[in-house]
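See below for the structure under consideration.
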Amino acid sequence: MPARFDHIAIAAEDLETGAAAVEAALGVPLQQGGEHALMGTHNRLLSLGPGEYLEVITINPRAPAPDRPRWFDLDRFQGRPRPNTWIAACDDLTGALAAAPRRSGQPIDFERNGLRWRMAVPDDGQLPFDSAFPALIEWQGSASAADRLTDLGCRLEQVILTHPDPQALQAALAPVIDDPRITIEPGAAKAIRAVIRTPHGLRELA
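Heads up: the sequence shown begins at 57 in the working numbering, then just goes up one per residue.
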């Protein structure tokens, strides 16, 4: 069974700045998230409808540094808050990784506030295609983070991936996920843009 869009990660240098930027762009408040002890990160969340959400995720300055590179390439992140990674959910992480490019990561078990999941995390923190390829997640049990969020009427309309080799990225995505909202454009460098329908109209995070 192919993977499906799960959530998009907005990276920032600190959580308050990142959350404020997203709230200003979308015109809706984010909800409290939590901490990820294994990665030394924390987040804020926004529902994008059933089974989908947005997270602002940053290094947690109060947490001990992990003994490995953090996920989503956060150790090297700099600059303004922006979409940095997107995440696709699957029912069989091992099978999805078999179809994914090399360096898509090794499965690691996570738990937070009663939620359990397995995620493939690359050894160096950076996903294939300069992290334009999605991180793969398998939720354990009947609940995901999206199920705990208040629906404020926001919906994902499109994820636009820009990459210098769009044909290779398209070929890598084809056996893993089939979602018409995921589009690919050529460009000099990797970038991710998210178009979100809000109660105030269409808004873009880039």
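All C-beta atoms, glycine included, are put in the ideal place defined by N, C-alpha and C.
- Taking a 10 Å sphere around the C-beta of Asp62, we find 16 or more other C-beta atoms and assign the residue as buried.
- Under the three-state reduction of DSSP output, Pro184 falls in the helix class.
- Going by DSSP, Ala144 is part of the beta strand (DSSP E) stretching over Arg138 to Ala145.
- In the DSSP secondary-structure assignment, Glu260 is bridged to Val251.
- Thr114 sits in a strand when the DSSP states are folded into three classes.
- Per DSSP, the continuous alpha helix (DSSP H) segment holding Glu79 begins and ends at Leu71 to Leu82.
- Closest in alpha carbon position to Thr206, among Pro220, Leu94, Glu69 and Leu102, is Leu102.
- The alpha carbon of Ile240 has as its nearest neighbour, out of Ile252, Ala75, Gly161 and Ala224, the alpha carbon of Ala224.
- Comparing C-alpha distances from Arg136 to each of Cys210, Trp195 and Ala81 shows the shortest one belongs to Ala81.
- C-alpha of Arg100 to C-alpha of Asp179: approximately 25 Å in a straight line.
- Phe61 has Ala144 as its beta-bridge partners, per DSSP.
- In this structure, the straight-line span from the alpha carbon of Tyr109 to that of Ala65 is close to 9 Å.
- Given a length threshold of 4 residues, each whole run of the alpha helix (DSSP H) inside the segment 194-247 is given here in chain order: 222-229.
- A straight-line Cα-Cα distance of about 31 Å links Gly170 and Arg158.
- Fewer than three pairs of CB atoms, one per stretch, sit closer than 8 Å, so the segment 217-236 makes no contact with the segment 78-98.
- Per DSSP, reduced to three states, the secondary structure at Asp165 is strand.
- For the set Gly89, Ala59, Leu94 and Pro58, the Cα lying nearest the Cα of Glu72 is the one of Gly89.
- Taking all protein chains in view, the Cβ of Ala262 is surrounded by fewer than 16 other Cβ atoms within 10 Å, so the residue is classified as exposed.
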